[in-house]
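Here the structure is laid out as structure tokens; the discussion comes afterwards.
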Amino acid sequence: MARGRIRAKIRRSSLHTFACYRSRATEDGSPHQLGPGFSREVHCNEPYLHEKKPLKYCTNYVTTTKYNIITFLPKALFEQFRRVANLYFLMAAIVSATTNLSPFSAFSMVAPLVFVVGLSMAKEALEDSRRFVQDMKVNHRKVGVHKEGGVFGPKPWMKIQVGDIVKVEKDHFFPADLLLLSSSYEDGICYVETMNLDGETNLKVKRALEVTLPLEDDEAFKHFSATIKCEDPNPSLYTFVGNLEYDRQVYPLDPSQILLRDSKLRNTAYVYGVAVFTGHDSKVMQNSTNSPSKRSRIELQMDKIIYLLFFVLLAISFASSIGFAVDAKFELPNWWYLQPMNKVNNVVDPKKPEVSGILHLITALILYGYLIPISLYVSIEVVKVLQALFINQDILMYDDESGTPAQARTSNLNEELGQIDTILSDKTGTLTCNQMDFLKCSIAGTAYGMRASDVELAAAKQMAADIGGHYIGSPRPENENDFGESEIELESVVTSKDDFKPAIKGFSFEDDRLTDGHWMNEPNVNDILLFFRILSVCHSAIPELNEETGNFNYEVESPDEAAFLVAAREFGFEFCRRTQSSIFVRERYPSFQEPIEREFKVLNLLEFTSKRKRMSVIVRDESGQILLFCKGADSIIYERLSKNGRKFEEAMTKHLNEYGEAGLRTLVLAYKKLDEAEYSAWNEEFSKAKSTIGGDRDTMLEKVSDAMERDLILVGATAVEDKLQKGVPQCIDKLAQAGLKIWVLTAMHVVCFDKE
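What follows is the structure in structure tokens.
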């Protein structure tokens, strides 16, 4: 894409209702009353004002290392002498160097200790230096920053200051917490991936304030100036309160305008933003903790063994010192040839046997000190380093697709890998590819889609293997024909998928009753027509024409929507254009050979959220009829059906259960017709709710929306497959054979795999 301004001619402020209400200046000029904890002041496009206190904030330089030049020596020494054996030998070395109680020279005590501690500290320094190198790679990433006169130039992340205007391009990470000013879309929206922050793979929509939308190119920032007053740095990823003072007006800010550091810009050519929180003030760094001191269970167990050995050593030394005190009192005077009284600094005094015994206790502790195995720590450290090297070079742990090898960032916990007994895992995006394929559907109580899912294929293969293995070496069953029929059926299920290779990404549907316009011959043609229209209209996607293929690519918030739109296109209902207030669908109806472009005026769009578990769009078709199209989870839609809208509920529930057993993701589709009076009355209430500014706004919107999404008529259900990543079944099988329990957490179920 050229560097000039290319803006998609789409305005969505009238569509998105829950989060995109355009905040306007209020009469009192202060939308948010900011008190204690809201002292941060950011001068946009004037970073030099933040070079002196009280507006001097931390730089954008970040570090995740455990040590630095100043703290390395004291912290590393503290870590080493947390080990019981090292502490013991340190005390012995001090006694050897400062007194004549030691039976060995000071060098023989100090040298092993220095070697052991020095080797361990060198390993710590090496591993921490690798973290430092990774930090420097991040700190030296480049991003476009406004210099002066409307000119943007590359600048390392570490040199970004609060107040800098930043231009981030598609598929790049945000270098700091930014306030979104505008984007490549005319309405100032952008798509953000926050997988690095919360693990979510679905894209989130962010929206700029309407007042900053004219800042649409580099030149527009030549004289731009504004002030942000907001909350102080805090770790809350989902909240933000502040005001933007711009053009003598004050506008409230909320989390929908904040782009967090380490999230990625997706499906948007570029965005402009101003740095609000930098470096360790950013929310992601506020959530990070200092690198902890990691000690494995083996090392902790070693400490316990060292304690035991030390008590044994103490007992031996104590017995030896008692014997020495007795000899010093009763036997030593007879040993005239030793001349104990004539020696300088003699620790043996027959007149003070108690003192001699105590001093000998110290000597005995040093003499028998080799009972404490100091070399054991060295051996373990060497083994850990070698294990880390083997892990880094293990070709079986190398990912060919991404070119990423396994990387042991620290060797302290290598042995913990063999002590894991339970694995907790998410499903979507972790075990699966997060690439949806439209596989089956249920319309008006009739199931469509003949193709088997991966789960069904695996079950069929396992069943075939079990049946075949059961009769190996045994007499053939009497009902031989039945066995043959079941074997043929299983074989057909297993091989049908291999024979057909889908050429369309996101569409693996196989049923001649619906494809190529054959659905017009079905008895429930009106319901099927509604089903396809809901698929092509009830969404928040944006189409982009692919000039190479001639098809449309869709910018969507989730891969489910993309699969629905591709399916609708293959069925003859191609979503082709979106304007500020309308959706255009190219329908192959009533003739499949002659497509007709139809317009649906979008009146309202109620977004999908994890709390609502549904999405609705209110449209007016070309005949003037107002329709509400809704899609969502079956439990949510079923409770909102009217008495006359449950005609297909029993049959569809059976189909949904079958789809769930096949490992498919399901959504239920429904609709209802509205008359003008009903819609006008509801829209008036809805407008009042969405114009409310305050903490009750979302609650009011949800209440009004829920009133509209009632008395629905059931149409059908979709079933899409999120394929497992390559090697996942084999991996789960190997882990189960090793005795590990694997808990997979999904939206509706918790699944446990074990060797039983």
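If you read the sequence shown in this note's numbering, its first letter stands for residue -5, the second for the next number, and so on.
Heads up, the beta-carbon is just placed ideally off N, CA and C, and yes, glycines get one too.
Here the structure is a predicted model, which is why all the values come from computation and not from measurement.
Practice prompt. Measure the C-alpha to C-alpha separation of Arg403 and Glu541 and round it to an integer number of angstroms.
Written response: 45 angstroms
Practice prompt. Put His37 into one of helix, strand or coil per three-state DSSP.
Written response: strand
Fill in: Residues near Cys435 in its chain [Cβ-Cβ closer than 7 angstroms; skip 5 each side]
Tyr442, Gly443, Gly710, Ala711, Thr712, Ala713
Worksheet item: Apart from the five residues on each side of it in sequence, which residues of its chain come closer than 6 angstroms, Cβ to Cβ, to Arg34?
Response: Cys224, Asp226
Fill in: Cutoff 8 angstroms; reference Met279; Cβ partners in own chain excluding five residues on either side
Val56, Arg255, Gly273
Discussion item. Spatial neighbours of Ser530 within its chain, please: C-beta separation below 6 angstroms, excluding the five flanking residues on both sides.
Written reply: Ala562, Phe567, Phe569, Val579
Worksheet item: Just checking my contact of His140 with Phe215 at CB under 8 angstroms: how many whole Å lie between their CB atoms?
Response: 5 angstroms
Worksheet item: Per DSSP, what kind of secondary structure is Lys667 in: helix, strand or coil?
Response: strand
Worksheet item: Hey, Ala116 and Tyr371: beta-carbon distance below 8 angstroms or not?
Response: no
Practice prompt. Assign Gly733 to one of two classes, buried (16 or more other C-beta atoms within 10 Å of its C-beta) or exposed (fewer than that).
Written response: exposed
Discussion item. Do Leu197 and Glu187 count as a contact pair if the criterion is CB distance below 8 angstroms?
Written reply: yes
Item to complete: List the residues that DSSP assigns as beta-bridge partners of Leu418.
Response: Trp737
Worksheet item: Alpha carbon to alpha carbon, what distance is there between Asp554 and Gly511?
Response: 23 angstroms
Worksheet item: Alpha carbon to alpha carbon, how far is Leu773 from Met391?
Response: For residue 773 there is no data in the structure shown, the boundaries of the chain being -5 and 750.
Item to complete: Using a Cβ cut-off of 8 angstroms (strictly closer), state whether Arg659 contacts chain C.
Response: The structure shown contains no chain C, having only a single protein chain.
Fill in: Three-way DSSP call (helix, strand, coil) for His44 in this model
helix
Practice prompt. Reducing DSSP to helix, strand and coil, say where Ser575 ends up.
Written response: coil
Worksheet item: According to DSSP, which residues form a beta bridge with Gln243?
Response: Tyr240
Worksheet item: Hey, would you say Val89 sits closer than 8 angstroms to Ile366, going by beta carbons?
Response: no
Practice prompt. Could you tell me the distance, in whole angstroms, from the CA atom of Phe432 to the CA atom of Asn518?
Written response: 21 angstroms
Worksheet item: Using a Cβ-Cβ cut-off of 8 angstroms (strictly less than) and excluding sequence neighbours within five positions of Arg614, which residues of its own chain qualify?
Response: Phe594, Lys595, Leu597, Ile620, Leu621
Discussion item. Relative to the C-alpha of Lys697, which candidate in Ser576, Phe126, Glu679 has its C-alpha closest?
Written reply: Glu679
Fill in: Val104 to Thr357 span [Cα, whole Å]
16 angstroms
Practice prompt. Kindly indicate which three-state DSSP category His533 falls into: helix, strand or coil?
Written response: coil
Worksheet item: How long is the line joining the alpha carbons of Gly138 and Ala453, rounded to whole angstroms?
Response: 53 angstroms
Item to complete: Can you check the stretch 422 to 465 for any alpha helix (DSSP H) of at least 4 residues that lies completely inside it and give the ranges in chain order?
Response: 448 to 464
Worksheet item: When DSSP labels each residue in this structure, what does Lys605 get in the three-state scheme?
Response: coil
Fill in: Residues near Lys258 in its chain [Cβ-Cβ closer than 6 angstroms; skip 5 each side]
Phe167, Glu187
Worksheet entry | Stretch pair the stretch 37 to 54 + the stretch 287 to 305: three plus CB contacts closer than 8 angstroms | no
Worksheet item: Across which residues does DSSP place Glu591 in a beta bridge pair?
Response: Arg580
Discussion item. Going by DSSP in three states, Lys346 sits in which element: helix, strand or coil?
Written reply: coil
Discussion item. Using the Cβ count rule (16 or more neighbours within 10 Å means buried), how would you classify Ser405?
Written reply: buried
Fill in: Where the beta strand (DSSP E) through Asn547 begins and ends
546 to 549
Worksheet item: Could you check where the beta strand (DSSP E) with Leu174 kicks off and where it finishes?
Response: 171 to 177
Worksheet item: The alpha helix (DSSP H) with Leu370 in it runs from where to where?
Response: 368 to 386
Practice prompt. Mind checking which residues open and close the alpha helix (DSSP H) that includes Asp192?
Written response: 189 to 192
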